Amino acid sequence: MQPVSWPEPDPLITAAIAAKYTGKRPRPLAVQIRDRLGEWMGDAQFAAAFGTRGRPGWSPSRLALVTVLQRAENLTGRPAAEAVRTRIDWQYLLGLGLDDPGFGHTVLPEFRARVAEGGLEQVALDALLARLAAGGLIKAGGKQRTDSTHVVAAVAALNRLELAGESVRAALEALTAAHPDWVAQRICVPDFARRYGTPMTSWRPPASKARQDELAIACARDGYALLEAVYDSSSPAWLREIPAIGVLRRVLVQNYTRTITADGREVIKRREKEPEGDGLPPGHARIASPYDIDARWGAKREEFWLGCKLHVTGTCDDAPACTCRPDPAAQQLCTAAGGQDHDQGCAQLVFPNLITHVATTGATVTDNQMTGAIDDGLAEKDLLPGRHYLDSGYLSAALVVSRRARHGIALIGPLLAGTSAQARAGAGYARADFTAGYGTQAVICPQGKTAANWTPCTQHGKDTIVATFSISDCGPCPARSQCTSGKRRQLSLLPRGLAEAQAAARTAETTIPFQADYARRAGVEGTMHQAASHGARRARYRGLPKTRLDHIYMACALNLLRLEAYWTGTPLDRQRTSHLARLELSLAA
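Note that our numbering gives residue 527 to position 544 of the sequence shown, counting from 1, and the numbers run on in steps of one.
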């Protein structure tokens, strides 16, 4: 690939655009992007993912631009490729002539695959943010907010029986496509075709639990037989490298145990949860579908889904966007629609709320595991906020202290409430009812008894202090039923610095200024709603790398849509109120 600059728009197309969009009629998004942002990313930024030999291909930076527009308009590959050939606003943006043949729709998935494999997912968003930062629309040290949402995988949700059967079926399909002669020689094709010729989800499973277990063992037996044939010394070694074979092996290991008795009899059992069974692997490691090995089952409150999670961070500043700087680029970005000049047109405008960071993770990754990664990602872009608004899922006392020490960021949000049985029930003696003296290394309970032991230790990789009360104190205590169901009470305490930070944060949460300031975070729900309307909650592709790339290009698209609304003075959305709700409001007034 030889990097080239974007061609200038064709004069005929430029004239047509000028004639068609006159007066108050706003120009299309693609035209405004070219006029206001110019060439905001280049081919050189994608060079690592493309070779230097062979026939010249399409410009990767312009393919990235097509992908962003595709997400902005919720198009699939074919309509997007057709738009490149037929729509003059897209041709104006890409610098194409009216007779340009464009490209086939298969070029777009090939481009996405190369970008994902080359680790260049962030290039488009980083380039856009750098261009906007140069124009003064975003800056470091401001206010940003973060939220997460579930993303449903682009595969069917399978139970354990269906997972076993589909894993065998996927392996058979891959082997048959790769080496049909070997399959015909090594397995009984009619029997396997009868059992695995159609998807497991297309037929009704047996009603009884016993028959379901029998069928699950039969699927496992077929899977083990298939693996034995593949790993036989007489079989081609390259068959073992087929991805579906590796997936089948992992699914069988995770869901079944296989033993050989003394008399040579094979015994296959389904794994069950401990202590009754042999145990199952943790959720973050357990394959849930043979067609998307990155998809995991996730849970948040009463919600369960198969897929991944999306974390979105965006700006929420109130400062005016226009500083009337002499920089022409800043003037071009800030000029309002309608031909008004820079000083007059921008006087009433405020910063648009733009997405600065997106992260796609496994469904089992908790929000507070991502707080540090999000701030580190913003630091790499030189867009660290001064105040970062998050919900309680992202926060802990340790994170509040470490983020302030490392980046100087104030994390704004309520800390998680106590997780003890007493705190959850709202009755009895919770940890907050005990008095901890770090100087004297003593803990006093509400009944005036002092803990017998004060033991610094490490729990789950974190420094902790465990205070244990004696049985002689807890046994005859009249308030024991309010304190513990065991023989004695045991408390896990934070180190002194974290405990003081936690106490200060909990005190601040109850104040009116904090609550008024934290109300700013609620605006991120509008961003999540807009993302959901563009398909953020349902993956378009299989696998975490492609889904992550899609989310990043969606963030670029949402930023451009918000910039278009900012340039034209159009509200992003208005709350829809039903006639009945209006009547209720009028009666209440």
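Glycine included, each C-beta is placed from N, C-alpha and C at the ideal position.
Everything numeric in this text was worked out from a predicted model, so none of it was measured.
- Between the alpha carbons of A176 and P(-8) lies a distance of about 57 angstroms.
- In the assembly as shown, Q74 is a buried residue. Its beta-carbon has 16 or more other beta-carbons within 10 Å.
- Between T441 and T447 a beta carbon distance of about 7 angstroms is seen, short of the 8 angstroms cut, so the two are scored as contacting.
- Pairing E255 with Q237, the inter-Cα distance amounts to about 10 angstroms.
- In this structure, the CA atom of S217 is about 15 angstroms from the CA atom of A208.
- For I243, there is no enclosing alpha helix (DSSP H); the residue is part of the beta strand (DSSP E) that begins and ends at Y239 to I243.
- Exposure of C171 is indicated by the presence of fewer than 16 other C-beta atoms within 10 angstroms of its C-beta.
- The beta carbons of G87 and A31 sit no closer together than 8 angstroms.
- Contact check for V51 against A519 fails: the beta carbons are separated by 8 angstroms or more.
- Per the C-alpha coordinates, the member of P9, T129, A410 and V49 positioned closest to A342 is T129.
- Taking one beta carbon from each stretch, the segment 99 to 114 and the segment 479 to 498 have fewer than 3 pairs nearer than 8 angstroms; the two do not touch.
- Inter-segment contact for the segment 534 to 552 and the segment 59 to 79 is absent: fewer than three beta-carbon pairs are separated by less than 8 angstroms.
- In this structure, the alpha-carbon of L367 lies about 13 angstroms from that of C299.
- 8 angstroms or more divides the Cβ of H267 from the Cβ of T344.
- Runs of the alpha helix (DSSP H) spanning 4 or more residues and lying entirely within the segment -6 to 18 occur at -6 to 3, in chain order.
- A distance below 7 angstroms between beta-carbons, with the five flanking residues on each side excluded, links E104 to the following residues of its chain, in chain order: V98, R531, L532 and I535.
- When rounded, the separation of the alpha-carbon atoms in D416 and L337 is 44 angstroms.
- Here the segment 134 to 151 does not lie against the segment 371 to 390, with fewer than 3 beta-carbon pairs under 8 angstroms apart.
- A450 places its beta carbon less than 8 angstroms from that of V426.
- Across the set V151, P226, S516 and A157, the C-alpha of V151 shows the shortest separation from the C-alpha of A199.
- By the criterion of at least three beta-carbon pairs nearer than 8 angstroms, the segment 393 to 407 is in contact with the segment 366 to 381.
- For Y372, the enclosing beta strand (DSSP E) stretches over residues R370 to Y372.
- For T132, the uninterrupted beta strand (DSSP E) run begins and ends at K126 to V135, by DSSP.
- The three-state secondary structure of K192, taken from DSSP, is helix.
- S561 sits exposed, since fewer than 16 C-beta atoms from the chains shown fall within 10 Å of its C-beta.
- For V(-13), same chain residues with a beta-carbon under 8 angstroms away, outside a window of 5 residues either side, are D26 and S42 in chain order.
- Comparing C-alpha distances from S375 to each of I270, Y421, G119 and E492 shows the shortest one belongs to E492.
- Per the Cβ contact rule, the segment 13 to 26 is not in contact with the segment 81 to 96 (fewer than 3 Cβ pairs under 8 angstroms).
- R187 and A201 have their C-alpha atoms some 16 angstroms from each other.
- For R95, the three-state secondary structure derived from DSSP is helix.
- Counting only runs of 3+ residues, the beta strand (DSSP E) found wholly inside the segment 109 to 188 occupies 126 to 135, in chain order.
- Between K292 and S131, the CB-CB gap stays under 8 angstroms.
- Between the alpha carbons of T242 and Y214 lies a gap of roughly 18 angstroms.
- Per DSSP, P265 lies in no alpha helix (DSSP H) and is assigned neither H nor E.
- Per DSSP, reduced to three states, the secondary structure at C460 is coil, with no helix or strand assignment.
- Taking C-beta atoms as the reference points, G369 and A346 fail to come closer than 8 angstroms.
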